[in-house]
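**Q** Numbering (this note's numbering), first residue to last: 43 to 400.
All C-beta atoms, glycine included, are put in the ideal place defined by N, C-alpha and C.
Handing you this structure, nothing more for now.
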Amino acid sequence: MKALIFPSYNCNLKCSHCFNPDKFRFAGAGGLEEWQDAILTLAKLGATKLILIGGEPMMVPYLPKLLTFALKLQFKKDGVFYNPYKFVSIQTNGTVENSTLFKTIEDEGLNKNKIGFTVSLEGSTAEENDRVRGKGNFEQALKTAKKWRSNGYNVTIRSTIFEWNDVVKVAKLAKYFDFNFTAVRLLPSGRSEKNSEGNLPSEEKLYRVYSDLSKLDSESETSIVCEDSPYYLYNERLRNKYLEVIKKNGSICPAISFQELAVDPLGVVSVCHMTLDPSKYPDWIVGNIFKDDFNTLKQNWVKVVSKLKSKPLNTKCSNCKYSSICNGGCTFYSVNSQFRGDNYCPINKMNLNNMGVI
């Protein structure tokens with residue numbers, strides 16, 4: 043299970059597609075001890091991957107101590123001590139220096155192989171990227187990513203799929219510099235909800251991107267993926283693993299398969315990082331990690347997942363012959379509906395019979 047924590051929504055950028063609403067641009071209520079307790083609680087709930095996100099996490103003054111706490115945390119099982127977190131990722135825009143963080147990693151002897159940096163780029167050129175991230179961002183972010191990679195850190199470039207940008211070229215750029223690459227579909231949430239016209243990718247665009255990224259991944263030594271359920275069926279390397287996850291969890295969506303918890307700066311816990319606003323998404327909220335005890339959070343988590351999972355599939359998905367191997371995909375795609383399902387899913391453009399899937 044992955045846990046995403048937002049210690050702060052403060053950010054030095056104001057990207058037009060950010061899924062955090064402007065009204066949430068504040069520092070947050072939790073201090074170092076509260077967040078350390080939260081990291082402990084999330085591990086007890088089953089988290090093995092921790093993602094530090096924001097806002098801009100590199101602006102959080104106690105970020106080095108959070109990272110150290112997570113990687114030095116010890117649980118005991120059958121008389122053996124172990125660290126519950128297999129990997130900690132810091133998702134950043136790559137424009138904020140935090141020399142204390144890297145000094146701490148060295149001084150504390152933290153395992154670099156368990157630390158990753160995800161740097162956001164929305165285009166393979168300054169013209170394309172800076173359209174949404176601001177002038178000068180492309181050059182600075184790429185320079186930072188190259189520096190971290192040369193120092194031995196895992197670096198992933200993360201791109202949002204818009205209708206107009208070419209994420210495949212970004213993936214090729216990432217491959218060239220020995221970065222991993224992850225693409226995510228633009229979703230109408232937060233600031234992007236007001237700027238979705240002309241930006242939301244069409245079914246045809248998604249089909250092209252998934253096909254091209256899958257081909258590129260097969261030719262690459264680094265990982266090139268897309269965080270979207272249909273993509274895993276396009277990708278020959280990941281397909282069998284995907285089908286095993288579906289068989290085990292009943293869904294590829296982390297929100298309804300107990301595979302994700304997200305915590306906002308005020309301690310609000312949701313089953314999805316896109317639905318941390320209690321006023322808009324009350325059915326997705328598990329509780330407050332700063333206020334509720336472990337058992338309350340665990341019980342509420344079961345109730346929330348059960349309710350979301352009980353929604354019937356929408357017309358497109360229920361009529362799709364492949365629905366049994368995706369179960370509607372990402373639940374957020376129909377967040378404001380009484381149904382589950384993805385109206386832009388390009389899975390029907392595939393011939394899964396020829397792939398040996400069904």
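(1) Mind reading off the beta-carbon distance from residue 327 to residue 348? Whole number of angstroms is fine, and I expect it under 8 Å.
(2) For the beta strand (DSSP E) that residue 133 lies in, which residues bound it at each end?
(3) Do the region 176-194 and the region 99-118 touch if we need at least three Cβ pairs shorter than 8 Å?
(4) Who are the near neighbours of residue 317 in its chain, counting only those whose CB is closer than 6 Å to its CB and skipping five residues on each side?
(5) Which one or two residues does DSSP pair with residue 119 in a beta bridge?
(6) Can you grab the Cα-Cα spacing for the pair residue 342 / residue 275, in whole Å?
(7) From residue 101 to residue 55, what does the alpha carbon distance come to, in whole angstroms?
(8) If you follow the beta strand (DSSP E) that residue 92 is in, where does it begin and where does it stop?
(9) Please report how far the alpha carbon of residue 154 lies from the alpha carbon of residue 198, in whole angstroms.
(10) I need the DSSP call for residue 221, collapsed to helix, strand or coil.
(11) Does the beta-carbon distance from residue 258 to residue 203 come in below 9 Å?
(12) Can you find the residues in the same chain that come closer than 6 Å, C-beta to C-beta, to residue 76, ignoring five residues on each side of it along the sequence?
(13) Assuming contact is defined by CB atoms lying nearer than 9 Å, are residue 137 and residue 186 in contact in what I supplied?
(14) So residue 51 and residue 90 are supposed to be a Cβ contact under 8 Å. How far apart are they, rounded?
(15) Shortest alpha-carbon distance to residue 87 belongs to which of 122, 123, 59 and 44?
(16) Using 8 Å as the threshold, is the region 236-247 in touch with the region 211-225, meaning 3 or more CB pairs across them?
(17) Helix, strand or coil: which one does DSSP assign to residue 313?
(18) For residue 201, report the span of its beta strand (DSSP E) as first-last.
(19) Skipping 5 residues on each side, what residues in its chain have a beta carbon closer than 8 Å to that of residue 226?
(20) When burial is assigned at 16 or more other CB atoms within 10 Å of the CB, is residue 49 buried or exposed?
(21) Pick out the complete alpha helix (DSSP H) segments inside the region 216-279, 4 residues or longer, and give them in chain order.
(22) Should residue 330 and residue 310 be called a contact, given that it needs their Cβ atoms to be closer than 9 Å?
(23) Going straight from the alpha carbon of residue 216 to that of residue 133, what length do you get?
(24) Measure the C-alpha to C-alpha separation of residue 300 and residue 79 and round it to an integer number of angstroms.
(25) Can you tell me the Cα-Cα spacing of residue 168 and residue 61, whole angstroms?
(26) Buried or exposed for residue 319, please, with buried defined as at least 16 other CB atoms from any protein chain shown within 10 angstroms of its CB.
(27) Can you say whether residue 206 is buried or exposed, counting buried as having 16 or more other CB atoms within 10 angstroms of its CB?
(28) Under the DSSP definition of a beta bridge, which residues are partnered with residue 382?
(29) My output table needs one value for residue 330: the three-state DSSP class, helix, strand or coil.
(30) Leaving out five residues before and five after residue 340 in sequence, what residues of the same chain have Cβ atoms less than 8 Å from its Cβ?
**A** In this structure, then:
(1) Under the criterion of beta carbons closer than 8 Å, residue 327 and residue 348 do not qualify as touching, at roughly 14 Å.
(2) Counting along the chain, the unbroken beta strand (DSSP E) around residue 133 starts and ends at 129-134.
(3) At 8 Å Cβ cutoff, the stretches do not touch.
(4) So the qualifying residues of the chain are 323 and 326.
(5) According to DSSP, which records beta bridges pairwise, residue 119 is partnered with 122.
(6) The straight-line gap separating the alpha-carbon atoms of residue 342 and residue 275 is approximately 32 Å.
(7) About 12 Å.
(8) Taken as a continuous stretch (DSSP letters only), the beta strand (DSSP E) holding residue 92 covers 91-94.
(9) Each residue's alpha carbon lies about 14 Å from the other.
(10) Reduced to three states, the DSSP call for residue 221 is coil.
(11) Against a cut-off of 9 Å, the Cβ pair of residue 203 and residue 258 comes out as no contact.
(12) Scanning its chain for C-beta atoms nearer than 6 Å, with the 5 sequence neighbours on each side dropped, one finds around residue 76 the residues 332, in chain order.
(13) Yes, they are a contact pair.
(14) Residue 51 to residue 90, Cβ: 25 Å. No contact.
(15) Closest option to residue 87, Cα to Cα, is 44.
(16) Judged by Cβ distances under 8 Å, the region 236-247 makes no contact with the region 211-225, as fewer than three pairs qualify.
(17) For residue 313, the secondary structure class from DSSP, reduced to helix, strand or coil, is coil.
(18) 196-203 is the extent of the beta strand (DSSP E) around residue 201.
(19) 200, 201, 202, 203, 268, 269 and 270.
(20) Buried, since its Cβ has 16 or more Cβ neighbours within 10 Å.
(21) Correct list: 245-260 and 271-276.
(22) In this structure, residue 330 lies near residue 310, with their beta-carbon atoms less than 9 Å apart.
(23) For the pair residue 216 and residue 133, the Cα-to-Cα distance works out to about 16 Å.
(24) Roughly 20 Å between the two C-alpha positions.
(25) When rounded, the separation of the alpha-carbon atoms in residue 168 and residue 61 is 22 Å.
(26) That one is buried.
(27) Within a 10 Å sphere around the beta-carbon of residue 206 sit fewer than 16 other beta-carbons, which makes this residue exposed.
(28) Bridge partners of residue 382: 355.
(29) Shown here, residue 330 sits in a strand according to DSSP, grouped into three states.
(30) Hits under 8 Å: 87.
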